[in-house]
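Worksheet: one structure, shown below.
Protein chains in written order, with my numbering: chain A, 109 to 270; chain B, 78 to 215.
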């Protein structure tokens, strides 16, 4: 048997508010080695016609993570996704990550994030169990910006590593 | 002879992208920048305690290189989907090489689309990420 808490299948979080901070976006872009200045220089971003610093594509994961951190800080029965599914941090691996983009997102955007536990599956004869998680990032005017799909793998037997 | 989204045909390759060597400093900065504070990426004492040789690179730092590769080639606004599977651990100190190959060029709902197969590998040839991107040709 796995160790994920499968009773949370179908759980949808309340919308968590996140503001995309310009400084945090610039720090991220520089850390990943971004060379396109629209991702770290406000004048270049505006010259290219953007309202503010343009988020790199995988910054969606950071917005989702910020919602998780915010949920844990706020309390009121809210918790991070990994705690909700009872992940054992010593044995979790990131299996898959996918983004469906509907609109670009920028510094200054005030968005909401909802997280859904889509379900769980077992592979390799039960040596690995997988949690399937989805996050939707929405903007009040521009609607759904990004939908994230993520597989978190729980490695019950280290010899079963992919 | 590098192709553009307008000229790209099946089999064409995007310009390669190299990232690294990925040092402990890079991992510490990425932990702060991404909010992923899992000690498996930044605390070598923790990594060895759970049976690894050393800290490993955040999968999402590698996937960020896929993001750079396709968004700087096609424009961020033209990216419809970006996906990745994490197929092997990337050790600290590794240098990643990311490649993209056009696998489909097709029309859907009057839009011209490209599907790109993405791959990241490290010096010993191990493929650490397998991915794909769907791009709208402007």
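We put the beta carbon where it would ideally sit given N, CA and C, even for glycine.
None of these values were measured; they are calculated from a predicted model.
Classification of residue i by the beta-carbon crowding that lies within 10 angstroms, buried from 16 upward
i, result
"residue 114 of chain B", "exposed"
"residue 155 of chain B", "buried"
"residue 244 of chain A", "buried"
"residue 262 of chain A", "buried"
"residue 208 of chain B", "buried"
"residue 156 of chain A", "exposed"
"residue 82 of chain B", "buried"
"residue 217 of chain A", "buried"
"residue 252 of chain A", "exposed"
"residue 202 of chain A", "buried"
"residue 167 of chain B", "buried"
"residue 163 of chain B", "buried"
"residue 223 of chain A", "buried"
"residue 86 of chain B", "exposed"
"residue 142 of chain A", "buried"
"residue 183 of chain B", "exposed"
"residue 237 of chain A", "buried"
"residue 125 of chain A", "exposed"
"residue 258 of chain A", "buried"
"residue 153 of chain B", "buried"
"residue 182 of chain A", "exposed"
"residue 212 of chain B", "buried"
"residue 249 of chain A", "exposed"
Residue i - DSSP class collapsed to helix/strand/coil
i, result
"residue 150 of chain A", "helix"
"residue 112 of chain A", "coil"
"residue 269 of chain B", "Residue 269 of chain B lies beyond the residue range present for chain B, which begins at 78 and ends at 215; the question has no answer from this structure."
"residue 137 of chain B", "helix"
"residue 121 of chain A", "coil"
"residue 204 of chain B", "strand"
"residue 83 of chain B", "coil"
"residue 174 of chain B", "strand"
"residue 126 of chain A", "strand"
"residue 211 of chain B", "strand"
"residue 104 of chain B", "helix"
"residue 184 of chain B", "strand"
"residue 114 of chain B", "coil"
"residue 146 of chain B", "helix"
First and last residue of the uninterrupted alpha helix (DSSP H) at residue i
i, result
"residue 175 of chain A", "167-182"
"residue 79 of chain B", "Neither: residue 79 of chain B is in no alpha helix (DSSP H) and is coded neither H nor E."
"residue 188 of chain B", "Run containing residue 188 of chain B: none in the alpha helix (DSSP H); it sits in the beta strand (DSSP E), 188-198."
"residue 131 of chain A", "130-139"
"residue 94 of chain B", "Careful: residue 94 of chain B lies outside any alpha helix (DSSP H), inside the beta strand (DSSP E) at 94-96."
"residue 122 of chain B", "121-126"
Proximal chain B residues relative to residue i, where beta-carbon distance stays under 9 Å
i, result
"residue 135 of chain A", "106, 109 and 110"
"residue 224 of chain A", "Within chain B, no residue comes near residue 224 of chain A; the closest Cβ sits about 18 Å away, beyond 9 Å."
Limits of the unbroken beta strand (DSSP E) element including residue i
i, result
"residue 259 of chain A", "251-263"
"residue 156 of chain B", "156-163"
Partners in chain A for residue i, counting only beta-carbon separations shorter than 8 Å
i, result
"residue 201 of chain B", "Near residue 201 of chain B there are no residues of chain A at all, since even the closest Cβ is about 17 Å away, more than 8 Å."
"residue 194 of chain B", "None at all; the shortest Cβ gap to chain A is about 14 Å."
"residue 157 of chain B", "208 and 209"
"residue 148 of chain B", "144, 164 and 165"
Interface partners of residue i on chain B, CB under 8 Å
i, result
"residue 162 of chain A", "153"
"residue 174 of chain A", "112"
"residue 129 of chain A", "Residues of chain B passing the Cβ test: none, with the nearest at roughly 12 Å."
"residue 229 of chain A", "Here the premise fails: no neighbours, minimum Cβ distance about 15 Å."
"residue 153 of chain A", "Within 8 Å Cβ-Cβ: nothing; residue 153 of chain A doesn't reach chain B, min ~11 Å."
"residue 237 of chain A", "Result: empty, since nearest Cβ-Cβ is about 16 Å, beyond 8 Å."
Where residue i meets chain B, residues with beta-carbon distance less than 7 Å
i, result
"residue 249 of chain A", "In chain order: nothing, as chain B lies at least about 17 Å away."
"residue 177 of chain A", "112"
"residue 113 of chain A", "Correct list: empty, because the minimum Cβ distance to chain B is about 19 Å."
Residue i: contacting residues in chain A (beta-carbon distance under 7 Å)
i, result
"residue 136 of chain B", "202"
"residue 144 of chain B", "164, 165 and 166"
"residue 141 of chain B", "140, 164 and 166"
"residue 127 of chain B", "198"
Chain A contact residues for residue i, given Cβ-Cβ distances below 9 Å
i, result
"residue 121 of chain B", "Here the premise fails: no neighbours, minimum Cβ distance about 15 Å."
"residue 96 of chain B", "140 and 141"
Please go through the stretch 189-240 of chain A and give each complete beta strand (DSSP E) segment of 3 or more residues, from N-terminal end onward.
-> Segments of the beta strand (DSSP E) lying fully in the stretch 189-240 of chain A: 200-209 and 218-231.
The stretch 157-179 of chain B: positions lying closer than 9 Å to chain E by Cβ = The structure shown has no chain E; the protein chains it does contain are A and B.
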